[in-house]
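Residue numbers (the UniProt record's numbering): 1 to 166. The beta carbon of each residue, even a glycine, is placed where N, CA and C say it ideally should be.
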């Protein structure tokens, strides 16, 4: 059976986007997005396959009969599993190349400007002339932190309201 017959149009387009010739020239960020989409689709179809299979066991009278009635969902899950493996393999290669490139840059920067003691032999006084910036917690301004704190406050208020109701 052709995969076109078992997939919707959007799912088929996603599978086409994971072919080797199409992912060969994608950047790491685009590969990450494609990987995320493919993984979500694979998880969706695996869950559907397992749930419908479990539901059909009692109706069909056994696992063997239920499996035969659930072949299309199994094929869909397998198609997405293969697509995810292709994208994962390509993403691993691209990430490794990026890591090697970054390592080479850092080594070159380290060789160019030494962070060790000065070579002229002069000793400093051991004190820093400027006070620098005060240390301020920058995480408190982040939206995620605000949401976390608001959620925590709301939980406390709900707990208190529950106690007050007694």
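Just how far apart, CA to CA, sit residue i and residue j?
{"i": "residue 103", "j": "residue 29", "result": "19 Å"}
{"i": "residue 90", "j": "residue 15", "result": "15 Å"}
{"i": "residue 73", "j": "residue 107", "result": "50 Å"}
{"i": "residue 139", "j": "residue 23", "result": "37 Å"}
{"i": "residue 101", "j": "residue 88", "result": "20 Å"}
{"i": "residue 13", "j": "residue 56", "result": "30 Å"}
Going by C-alpha distance, which of the options is nearest residue i?
{"i": "residue 43", "options": "58, 82, 60, 56", "result": "82"}
{"i": "residue 36", "options": "86, 60, 145, 147", "result": "86"}
{"i": "residue 47", "options": "70, 64, 58", "result": "70"}
At what residue ranges does the stretch 62-112 contain a whole run of the alpha helix (DSSP H), taking only runs of 4 or more?
63-68, 71-112
Considering only residues of the stretch 4-54, which uninterrupted beta strand (DSSP E) runs meet the minimum length of 3 residues and lie entirely inside it, listed in chain order?
none
Would the stretch 90-98 and the stretch 13-32 be scored as touching if the rule is three or more Cβ pairs under 8 Å?
yes
At least 3 beta-carbon pairs within less than 8 Å: the stretch 57-77 vs the stretch 3-19:
yes
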